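**Student:**
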Amino acid sequence: MKHTLEEMISQDEINAKLDALAEVINRDYADVDNLLLVGLLKGSVVFMSDLARRLTCDVRMDFMTASSYGGGTESSGEVKIVMDLANNIHGRHVMLVEDIIDTGRTLSKVRELLMTRHPASIKIVTFLDKPSRRVVDVPVDYVGIAIPDEFVVGYGLDYAERYRQLPYIAKVVPA
Ligand code: XMP
Ligand code: MG
């Protein structure tokens, strides 16, 4: 599809939001021994890198790839784990790190799966949230920025694998 990009969230706004998020998380995890950040590939990589560098507790990292069938721009109900964690999370404090929550289907399934492995705790942080699109109720503990129902790219988010490296968030506009 022919399209143009329109900046929606600037690099400065992103940085300010990261500082604010990290401040709250650092306070909440001040007494936690170590925290395992679980990034959902690939979209969360940029956000997770920036967030992790602002955290003061003892942080470890792991990654997972979940894909939802259905194609198009909306995730289906069926979520498949394409790549599982390298770590055993039994008894660990886990924070799921997501780029954006849309219907909530992906995170809800991943959270359910991880719960069966008995972590000490599990929380969710997402950089972006489209609350108006939610289909499945999923407990989100930390949200960076709530946005309207627009398809966005940049800061890890892609359109057909492009634009992940943009340092800002942009709206995809059909040309
Ligand atoms: P659900 O619907 O399961 O989907 O919450 C979350 C996943 O859908 C993708 N997604 C987007 N990707 N721009 C993107 O580049 C968007 O505006 C967008 N909305 C949803 C994304 O992979 C996310 O993890
Ligand atoms: Mg994603």
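Letter by letter, the sequence shown follows residues 36 to 210 of our numbering.
Cβ atoms here follow ideal geometry from the backbone N, Cα and C, with glycine treated the same way.
On a predicted model such as this, the values are computed, not experimentally measured, just so you know.
Whole-angstrom Cβ separation of residue 191 and residue 171, contact assumed at under 8 Å?
**Tutor:** In fact, because the Cβ distance is near 22 Å, the residues do not count as touching under 8 Å.
**Student:** On a Cα-Cα basis, can you pick out the residue from 73, 115 and 178 that is closest to residue 95?
**Tutor:** That would be 73, whose Cα lies nearest to the Cα of residue 95.
**Student:** Tell me which same chain residues have a C-beta within less than 7 Å of the C-beta of residue 53, skipping the five on either side of it?
**Tutor:** For residue 53, where only same-chain residues beyond five positions count, the Cβ hits under 7 Å are 85, 86 and 89.
**Student:** How many angstroms separate the CA atom of residue 121 from the CA atom of residue 185?
**Tutor:** If you take the alpha carbons of residue 121 and residue 185, they lie about 34 Å apart.
**Student:** Let me check understanding here. Comparing Cα to Cα, which of 38, 129 and 163 lies closest to residue 152?
**Tutor:** It is 129 whose Cα lies nearest to the Cα of residue 152.
**Student:** Does the distance between the C-beta of residue 186 and the nearest non-hydrogen atom of the ligand XMP fall short of 6 Å?
**Tutor:** Result yes, Cβ under 6 Å from the ligand XMP.
**Student:** Could you tell me the alpha carbon to alpha carbon distance between residue 55 and residue 61, rounded to whole angstroms?
**Tutor:** Taking the straight line from one Cα to the other gives about 10 Å.
**Student:** Quick check: the Cα distance between residue 44 and residue 203, rounded to an integer number of angstroms?
**Tutor:** Roughly 6 Å between the two C-alpha positions.
**Student:** Going by beta carbon distance, what residues of the same chain come within less than 6 Å of residue 98, once the five residues before and after it are set aside?
**Tutor:** These residues qualify, in order along the chain: 74 and 76.
**Student:** Report the residue from 47, 91 and 169 whose alpha carbon sits nearest the alpha carbon of residue 58.
**Tutor:** Measuring from the Cα of residue 58, the nearest candidate turns out to be 91.
**Student:** Using the three-state DSSP reduction, which class does residue 116 fall into: helix, strand or coil?
**Tutor:** Three-state DSSP puts residue 116 in a strand.
**Student:** Would you say residue 210 and residue 38 are within 7 Å of each other, going by their C-beta atoms?
**Tutor:** In this structure, residue 38 lies closer than 7 Å to residue 210 by Cβ.
**Student:** In terms of residues, what are the limits of the alpha helix (DSSP H) holding residue 83?
**Tutor:** Counting along the chain, the alpha helix (DSSP H) containing residue 83 begins and ends at 80–87.
**Student:** Could you give the residue range of the alpha helix (DSSP H) that holds residue 60?
**Tutor:** Element bounds for residue 60: 46–63.
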